[in-house]
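Numbering (the working numbering), first residue to last: 58 to 547. For reference, the structure is listed below as structure tokens.
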RNA sequence: GCCCCCAUCGUCUAGCCAGGUUAGGACAUCGCCCUUUCAAGGCGACGGCAGCGGUUCAAAUCCGCUUGGGGGCGCCA
């Protein structure tokens, strides 16, 4: 190939950005960056019934969150715009008309109902259905009659005889018998183009050199190749990347948990972890035994030849692990802000609660918890006690550590000890508690475990002394007192 | 049903194209160590070439068939 590499990601705005779409976008982006090419974003909104503006917003937002910035497309423009298919209608009509005049396409007046009926009949006979070309040779009179009836025609592409072969960059030659393809619609009765047609016109006009998309498009490719030929456009290279499946090996969907990028953002996954994980699904670098890659490292190493051909199962465990790796490296302020967003969304705090002191507190909480969670929202799931004085006592923790008859005494002593301790920091607290335990001839653990349950309601969590420091004297004393009352009541 | 694609541990994969490896790594799981719990970390274990035929001195690697999985067959994209 000559000239600049130009690739595109072309989502249809009918919902959120799906992980599969995100991965396709990522491969396109990485390929473009690797080859110093151009990454185009095009919105395929020709389905007026399902496309929404909110969805466009969500998709752009998701892409930006992942750091997959496009060089041409919505918001940034470019020389081959517009980048919304709904704004390119005259173009499709022009090329459709060209095809019709040249005999590559013809009008069809069959209604969906008629087609359905004929299709069922054919299938009932055990044959496979292809459009029966009823309208291929309509006379002008028949055509007028249909028009007078008020029918609006669609335009169908006439599939030629023979076979169609294309080169897939991952698989090599793929051939289809044209008999398998039927005369598909290129212009709907409302004048909108269909996917295959708009896609080809746009890819050609936008000078796309490499079409990188999910392998569910393999069977569309021969139709598109035929269109390129009929239109006299040069064919781009094709690379069909494998799909992402759920645990049950079916297409990833809501049934497998949420497949939307924004869901993971909202749960407190980091975009660089997401990008890393998605890249590693279906792609590996060869001999190099390495899992963690920055965006730059992905770009440096990326190659379509190293993309696998088989579908990949989305493994939340591994994403979680990878995210936890990034969590430990992230800037505390960044994690704090993510935590704050989550707390607000769950109505745990309000905007006015976010004082400088509280921000500082959240930062400390994040620093303490980030090694024990896999995503930021897990802090709220596992350690809501940081934000709620009315935290609950885990029955098992109560049973296992607070039941001992010596516990109230231990808590009372601790209360006294901590009330006057300065400074109220982890080393000082630790020294004091260990000393007290030693003087009483008991293990430090005799203090540590009851205190942890007392201030958090749980028997697992951060190191006790750090936990006490972060909670601060005021909360700690109040919580010990609360636990004493709780035990007294029982 | 028809067509297309695919096939290495439970999962993601290296190795395959240029046959000869104790088939490597990561996640998960399970042990042990460390330790105030959890987590992290260290060490270790478990676990795989879908099956059958060929070609070959030699097959995870090349070929064929079977089986299994996925995708498509819209006036959706």
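No residue lacks a Cβ here, since even glycine has one placed at the ideal position from N, Cα and C. Please read all numbers here as calculations on a predicted model, not as lab measurements.
What does DSSP give as the partner residues of residue i in its beta bridges?
i: residue 162; result: 214
i: residue 398; result: Note: residue 398 sits in no beta bridge, so no partner.
i: residue 520; result: Bridge partners of residue 520: none, in fact.
i: residue 244; result: 212, 250
i: residue 230; result: 224
i: residue 75; result: 317
i: residue 65; result: 97
i: residue 340; result: 364
i: residue 141; result: 100
i: residue 545; result: Residue 545 is not bridged to any residue.
i: residue 130; result: 134
Who are the Cβ neighbours of residue i in its own chain at under 7 Å, not counting the five residues just before and after it?
i: residue 282; result: 221, 223, 292
i: residue 70; result: 100, 102, 108, 109, 112, 113, 116
i: residue 494; result: 500, 501, 503, 504
i: residue 61; result: 94, 95
i: residue 333; result: 349, 350, 379
i: residue 78; result: 68
i: residue 470; result: 493
i: residue 304; result: 313, 370
i: residue 531; result: none
i: residue 366; result: 227, 228, 299
i: residue 133; result: 127
Assuming residue i contacts residue j under a Cβ cut-off of 8 Å, what Cβ separation, rounded to an integer in Å, is found between them?
i: residue 82; j: residue 66; result: 4 Å
i: residue 259; j: residue 145; result: 7 Å
i: residue 396; j: residue 411; result: Contact doesn't hold; Cβ gap of about 11 Å is too wide.
i: residue 250; j: residue 149; result: 4 Å
i: residue 213; j: residue 165; result: 5 Å
i: residue 341; j: residue 226; result: With a Cβ gap of about 17 Å, residue 341 and residue 226 do not count as contacting.
i: residue 153; j: residue 302; result: Contact flag wrong, Cβ pair sits at about 36 Å.
i: residue 527; j: residue 421; result: 5 Å
i: residue 483; j: residue 523; result: 5 Å
i: residue 187; j: residue 104; result: That belief does not hold up - the Cβ atoms of residue 187 and residue 104 are roughly 24 Å apart, past 8 Å.
i: residue 444; j: residue 406; result: 7 Å
Compare the beta carbon distance of residue i and residue j with 8 Å and say whether it is the shorter of the two.
i: residue 515; j: residue 458; result: no
i: residue 76; j: residue 543; result: no
i: residue 299; j: residue 272; result: yes
i: residue 338; j: residue 90; result: no
i: residue 430; j: residue 510; result: no
i: residue 450; j: residue 441; result: no
i: residue 391; j: residue 124; result: no
i: residue 529; j: residue 472; result: no
i: residue 163; j: residue 200; result: no
i: residue 355; j: residue 468; result: no
i: residue 475; j: residue 383; result: no
i: residue 269; j: residue 231; result: no
i: residue 284; j: residue 253; result: yes
i: residue 261; j: residue 161; result: no
i: residue 385; j: residue 427; result: yes
i: residue 265; j: residue 512; result: no
i: residue 331; j: residue 137; result: no
i: residue 98; j: residue 127; result: yes
i: residue 460; j: residue 423; result: no
i: residue 534; j: residue 521; result: no
i: residue 233; j: residue 169; result: no
i: residue 140; j: residue 131; result: yes
i: residue 437; j: residue 403; result: yes
i: residue 143; j: residue 74; result: no
For residue i, which residues from the same chain have a beta carbon less than 6 Å from its beta carbon, with the 5 sequence-adjacent residues on both sides left out?
i: residue 434; result: 324, 325, 399
i: residue 519; result: 425
i: residue 242; result: 211, 213, 251
i: residue 84; result: 269, 298
i: residue 453; result: none
Could you name the residues of the same chain whose beta carbon sits closer than 8 Å to that of residue i, not counting the 5 residues immediately before and after it, in chain order?
i: residue 24; result: Nothing about residue 24 can be reported from this structure: the residues present for the chain run from 58 to 547 only.
i: residue 373; result: 314
i: residue 335; result: 76, 79, 80, 83
i: residue 206; result: none
i: residue 416; result: 393, 397
Practice task
Enumerate, from N- to C-terminal direction, the unbroken alpha helix (DSSP H) stretches of 4 or more residues contained entirely within the segment 440-507.
Solution key: DSSP runs (the alpha helix (DSSP H)) wholly in the segment 440-507: 464-476, 483-497.
Handout entry: Within the segment 250-316, ranges of the alpha helix (DSSP H) (whole runs, at least 4 residues)
Key = The qualifying runs are 252-262, 278-288.
Exercise for the section: Please specify which runs of the beta strand (DSSP E), each continuous and at least 3 residues long, are wholly inside the segment 355-439, giving them in chain order. Expected result: Listed in chain order, nothing qualifies, since the segment 355-439 has no complete beta strand (DSSP E) run of 3 or more residues.
Exercise for the section: Would you list, in sequence order, the uninterrupted alpha helix (DSSP H) runs of no fewer than 4 residues that lie entirely inside the segment 98-128? Expected result: Listed in chain order, the complete alpha helix (DSSP H) runs (minimum 4 residues) inside the segment 98-128 are 110-123.
Practice task
Taking only runs that begin and end inside the segment 147-203, name each unbroken alpha helix (DSSP H) of 4 or more residues, in chain order.
Solution key: The DSSP assignment places 169-181 as complete runs of the alpha helix (DSSP H) inside the segment 147-203, in order along the chain (cut-off: 4 residues).
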